[in-house]
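Data first, discussion second: the structure below is written as structure tokens.
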Amino acid sequence: MSLTGFVLLLLTAVFMAVANLLIKNGIAQAGGFTPSLSSLLQLLRQPVLVAGSLLTGIAGLLWFRILATQKLSTCYPLFVSLTYSLITIGAFCFLHEKVSIQKLVGLVVIIIGITTVARG
Numbered sequence: 001m002s003l004t005g006f007v008l009l010l011l012t013a014v015f016m017a018v019a020n021l022l023i024k025n026g027i028a029q030a031g032g033f034t035p036s037l038s039s040l041l042q043l044l045r046q047p048v049l050v051a052g053s054l055l056t057g058i059a060g061l062l063w064f065r066i067l068a069t070q071k072l073s074t075c076y077p078l079f080v081s082l083t084y085s086l087i088t089i090g091a092f093c094f095l096h097e098k099v100s101i102q103k104l105v106g107l108v109v110i111i112i113g114i115t116t117v118a119r120g
């Protein structure tokens, strides 16, 4: 994987992680979500959720560029593991979610995996 590809992948993972945190926050601000038109309309009135959705779209466009220029067998595992790690850290820091010892151990294993895949 090229340095440019890795930077683009890292940026995409950050965008997706931030988007998920924003969407989660928007759903909480709307009072939750049930599969109904009124609930969906309530969500669409949440600027944080709309921003998260737009950021998801931007990340999708960046992902298209990654797929066009990098090996899928390298970039997809990196993307998923980076996104998982960033979301877990963000949920802990910004949403005050608890992180168990098992999750911390899992994150360490994932980070070791990211390093291994990125070097290969």
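The numbering used here applies: residue 1 is where the sequence shown begins, and numbers increase by one.
Backbone N, C-alpha and C fix where the C-beta goes; we use that ideal spot for every residue, glycine too.
For clarity, every value in this text was computed on a predicted model and none was experimentally measured.
In the structure shown, what three-state DSSP assignment does Ala28 receive? Here residue 28 is taken as the residue at index 28 of the sequence shown, counted from 1. If DSSP states are grouped into helix, strand and coil, Ala28 belongs with the helices.
Mind pulling the alpha helix (DSSP H) runs of 4 or more residues that sit fully within the segment 4 to 76? 37 to 44 and 47 to 69
If you draw a straight line from the C-alpha of Pro47 to the C-alpha of Ile112, how long is it? What you label residue 47 is simply residue 47 of the sequence shown in a count that begins at 1. What you label residue 112 is simply residue 112 of the sequence shown in a count that begins at 1. Using only the alpha carbons, I get a separation of about 37 angstroms.
Do you know how far the Cα of Ser39 is from the Cα of Arg65? As a working note, residue 65 is residue 65 in the sequence shown. As a working note, residue 39 is residue 39 in the sequence shown. Each residue's Cα considered, the two are about 34 angstroms apart.
If you draw a straight line from the alpha carbon of Leu44 to that of Leu78, how long is it in whole angstroms? What you label residue 44 is simply residue 44 of the sequence shown in a count that begins at 1. What you label residue 78 is simply residue 78 of the sequence shown in a count that begins at 1. In a straight line, the C-alpha of Leu44 is about 31 angstroms away from that of Leu78.
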